[in-house]
Every structure is written in C-alpha cells, then in structure tokens.
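J.: Dropping the structure in here first, questions after.
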Ligand SMILES: Nc1ncnc2c1ncn2[C@@H]1O[C@H](COP(=O)(O)OP(=O)(O)O)[C@@H](O)[C@H]1O
Ligand SMILES: [Mg+2]
C-alpha cells in the first residue's frame, strides 16, 4: 500500500512523534509497503509528486530533513498567515491509500486533523474527530467514563476566567458559582474540599507536561498558576496512591495489562522517555480478577469515548484493588519500545506486524 506516515507538528510531543513515525515507517517498509515519512507542519516542498511513494526510500534521510525544520517552528508560528498543514501535506495524503497518524498531542490528537481529513476524504488510522476531541479533553473524558461506570479519580475542572474572577476581591459577585467560605479567599474556590496530596493537570496536555502532584496548599497554588500558563482549563483531582498500569485496545479488544513502575518519582516526562528510568512489566503481575477488570474497563472506556482502530487507557490501582482510569490516549506512543508495542509483543505480535495490523483495523471504517 501507499502510506504516508504523518508525524512531527508543533505540540510539546513533536520529538516523540518523530520517533514514533520513523519507527512505524521503517516497520511498514519492512512489510513491503511504500511508506513515506512526512512532518505535518513543514511537509516537504521538494517532494516528487510524480513518484511520491518510491520503492527505494531512506527513512533516516527523511528524519534528518524533518529535524532540519525544528529551528523554524517559532518563526513559522509567529507568521499570522501560516496555516497548519505544511508544503504538499494534503496533496501527498490524498494520494496515499491511507495515512498513518503518528502525531501526538494537541493538533493531531485533538480531532482537528481527523475532521479536516474527513472533509477531504483522506483515510487515516485510528479514532475519528469526535472520539479524539472527547478523549483529548480530560474533563469530558472523565465525565463520559464515569457515566459508563468506569471509575475515575474524583475532582473537577476549572477555567482560567472563572479562576481569575474568583481571585478578585468579591468572588461571589463576579461569579455566582463561587462559594465564599468563612475565611473567604480565592484558594478556597480552587481547593474546594480537595484533600492533599492532589493532582493538578492541564486539561488537554500529554506526556505528563503540566502535571503536578502537590502536597501542600502552597504547592497547590503554584501548580495551578503553572498549569494555567500552559492552558486555559485545568483538572484538579484526588491523588491515587498505588500502582500504575496501562491497557492498549485494538479493534475493541484489550491487550495484556502493562505495569509502569518509575524508579524515582511519578511517570513524568523524564521517566516516560529516559531509557531505563521506568520498569515496564507486561503482562503485569496482577491477580487474574484485577487484570480482567482493568481490561474490561479499558474496553468499556474505548466504546464510551468512541475510539476506533486502537487506543490506550491509563490506570492507577490502590493497594486494596480499587482501580481508577486516568485518561484515554487516541494516538498513543508507537516507538518500537512504547507501551502498546510491548503489550502486542506479550502476545507474540512483533512491531512490524503490529503496525500493519493497525492499518488493517483502521481500513475497516472505509469498507
Ligand atoms: N489522579 C492521579 N493520581 C496519581 N497519579 C496521577 C494522577 N493523575 C496523573 N497521575 C500521574 O501523572 C501521569 C500523567 O497523567 P495523565 O493523566 O496520564 O496525563 P498525560 O496525558 O500527560 O499522560 C500519570 O501517568 C500518573 O503517573
Ligand atoms: Mg497518560
């Protein structure tokens, strides 16, 4: 098949997306597909449109070309007439049999690219625009999950304008939803009965950027300010102490559970992407009943959020066996050592076969 593997972009996860994309492109080439690697934001102005999907192709050269654009992001973004899709991206994607979305974060994972592709009749892997948008917004995702009886940490989301309104002197006049307590400061609004430790995180982030675990009121306030520097909506939720797991789902069916155990601290950006920083065990060492329940929650969550093709749901489990779903990822990491490839490997499915399988299940929606 002629396949564009789309990666890069301008989200905080640009670099990891390029690693996912190059891995997928190599794997699909190994399987005999005419796959090419393309940066969604910079595209390729030198692309040979007459022979866009050559038999011989050097993935390393494509990666170097993509990285040569890294330093131009700031200036491109400050150009008001610049739009999201780079040179020849739409043309090349239209020429492909399908586009493998190796994008992560923000545009790419939030449904906008999917919607744009639907309108242009470009086929792509994974979830459509609605599911992508719902899963990307952790507040909406939690509401949908809870509605389908998938347990989630208790908490709430806060918008920056409400928060700033509440910070002013008479919060209840600015915003009727604000309840002033006896000592009546804005912190009361934001903490709102939440016990410490708590988790503050940006609503639509990824890769643990803008995620803070706070243990004091001061840290809480600082984290809220920091999180609002990234986004206009944040999630405040209870901290679940316990073990962390993740479950990939392909075509509605859960893969084996993987346990994630950072050697130091929580599963933050450093522990996600530094080799050896996190011990990952698949299948996880869990009693059968708990792993069955977690996989069932993953499958229900997948349906509840309208995921399609594949996705991955993240979980925490307390020592007493209580399970909580943290979030769903519609375009989870696809480097050869990412979680889903490890889960597939536990079933004896190697990485190239997995990449091809994701193409196969994604084609179903176009049959
Ligand atoms: N409520 C919580 N309790 C405990 N740890 C949490 C909680 N929320 C997030 N975390 C930690 O932060 C990490 C990132 O949070 P997550 O909600 O998965 O966002 P991201 O989209 O950045 O991956 C999780 O993998 C987990 O280690
Ligand atoms: Mg996560």
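In the numbering used here, the protein residues as written are 3 to 369.
For every residue, glycine included, the Cβ atom is placed at its ideal position computed from N, Cα and C.
Keep in mind it's a predicted model, so treat the numbers as computed, not measured.
Give the secondary structure of residue 318 by DSSP, where H, G and I count as helix, E and B as strand, and everything else as coil.
T.: Looking at residue 318 - three-state DSSP - the assignment turns out to be strand.
J.: Quick one: residues in its chain with C-beta nearer than 8 Å to the C-beta of residue 179, no 5 flanking neighbours on either side, listed in chain order?
T.: Only weak support exists for where residue 179 lies, its pLDDT of 41 falling under 50; the value from the coordinates is given anyway. Once the five neighbours on either side are set aside, the close Cβ partners of residue 179 are 164.
J.: Any heavy atom of ligand 2 closer than 8 Å to the Cβ of residue 105?
T.: Not under cutoff, so the answer is no.
J.: If I follow the unbroken alpha helix (DSSP H) through residue 308, where does it start and stop?
T.: Here residue 308 belongs to no alpha helix (DSSP H), and DSSP marks it neither H nor E.
J.: Quick one: grab the DSSP three-state call for residue 52.
T.: Helix, per DSSP.
J.: Could you give the DSSP three-state label for residue 156: helix, strand or coil?
T.: DSSP places residue 156 in coil when its eight states are reduced to three.
J.: Write down the C-beta distance between residue 22 and residue 10 rounded to the nearest angstrom, noting that I regard them as a contact closer than 8 Å.
T.: 10 Å between Cβ atoms; not a contact.
J.: Per DSSP, what are the beta-bridge partners of residue 313 in this structure?
T.: Partner(s): 251.
J.: Output the distance between the C-alpha atoms of residue 308 and residue 8, rounded to the nearest integer angstrom.
T.: The straight-line gap from Cα to Cα measures roughly 22 Å.
J.: Along the chain, which unbroken stretches of the beta strand (DSSP E) at least 3 residues long are found entirely within the region 318-354?
T.: Within the region 318-354, the complete beta strand (DSSP E) runs of at least 3 residues are 325-331.
J.: Per DSSP, what kind of secondary structure is residue 11 in: helix, strand or coil?
T.: Residue 11 falls in the coil class under three-state DSSP.
J.: In whole angstroms, what separates the C-alpha of residue 315 from that of residue 248?
T.: Their backbone Cα atoms lie some 6 Å apart in a straight line.
J.: With a 10 Å radius around its C-beta and 16 neighbouring C-beta atoms as the bar for buried, classify residue 291 as buried or exposed.
T.: Label assigned to residue 291: exposed.
J.: In the DSSP assignment, the beta strand (DSSP E) including residue 40 goes from what residue to what residue?
T.: From DSSP, the beta strand (DSSP E) with residue 40 extends over 36-41.
J.: So the candidates are 353, 363 and 367; which of them puts its Cα closest to the Cα of residue 31?
T.: Per the Cα distances, 353.
J.: Starting from residue 111, follow the alpha helix (DSSP H) in both directions and report where the run begins and ends.
T.: Its alpha helix (DSSP H) spans residues 108-111.
J.: Taking a contact to mean a Cβ-Cβ separation below 9 Å, would you say residue 102 touches residue 360 in this structure?
T.: A contact, by the Cβ cut-off of 9 Å.
J.: For the pair the region 62-82 and the region 137-150, tell me if three or more CB-CB distances fall below 8 Å.
T.: Judged by Cβ distances under 8 Å, the region 62-82 makes no contact with the region 137-150, as fewer than three pairs qualify.
J.: Can you list the beta strand (DSSP E) stretches of 3 or more residues lying completely in the region 228-304, in chain order?
T.: Counting only runs of 3 or more, we get 235-240, 245-252, 260-264 and 280-283.
J.: Can you determine whether any heavy atom of ligand 2 sits closer than 8 Å to the C-beta of residue 273, and answer yes or no?
T.: No, since every heavy atom of ligand 2 falls outside the 8 Å radius drawn around the Cβ of residue 273.
J.: Suppose you measure from the CA of residue 239 to the CA of residue 334; what does that come to, to the nearest Å?
T.: Looking at the two C-alpha atoms, the distance is approximately 23 Å.
J.: According to DSSP, what are the bridge partners of residue 101?
T.: Paired residues: 6 and 126.
J.: Considering only heavy atoms of ligand 1, does any lie closer than 8 Å to the CB of residue 323?
T.: No, Cβ of residue 323 sits at least 8 Å from all heavy atoms of ligand 1.
J.: Hey, would you say the C-beta of residue 374 is under 8 Å away from at least one heavy atom of ligand 2?
T.: What is shown of the chain runs 3 to 369, which leaves residue 374 out entirely.
J.: Can a CB atom of chain B be found closer than 9 Å to the CB of residue 304?
T.: Looking at the structure shown, chain B is missing, and only one protein chain is on hand.
J.: Please go through the same chain and pick out, in chain order, the residues whose beta-carbon is closer than 6 Å to the beta-carbon of residue 108, but skip the five residues on each side of it.
T.: These residues qualify, in order along the chain: 13.
J.: Does the beta carbon of residue 331 fall short of 8 Å from some heavy atom of ligand 1?
T.: Within the cutoff, so yes.
J.: What is the DSSP secondary structure of residue 161, reduced to helix, strand or coil?
T.: Residue 161: strand per DSSP, three-state reduction.
J.: Answer yes or no: do residue 131 and residue 358 have a C-beta to C-beta separation smaller than 9 Å?
T.: No. Outside cutoff.
J.: Look up residue 93 in the DSSP assignment and say whether it is helix, strand or coil.
T.: Three-state DSSP puts residue 93 in a helix.
J.: When every heavy atom of ligand 1 is checked, does at least one fall within less than 8 Å of the C-beta of residue 1?
T.: No statement about residue 1 is possible, as the shown extent of the chain runs from 3 to 369 and does not include it.
J.: How about the region 197-213 and the region 221-234: do they share at least three Cβ pairs that are nearer than 8 Å?
T.: Touching, per the Cβ criterion.
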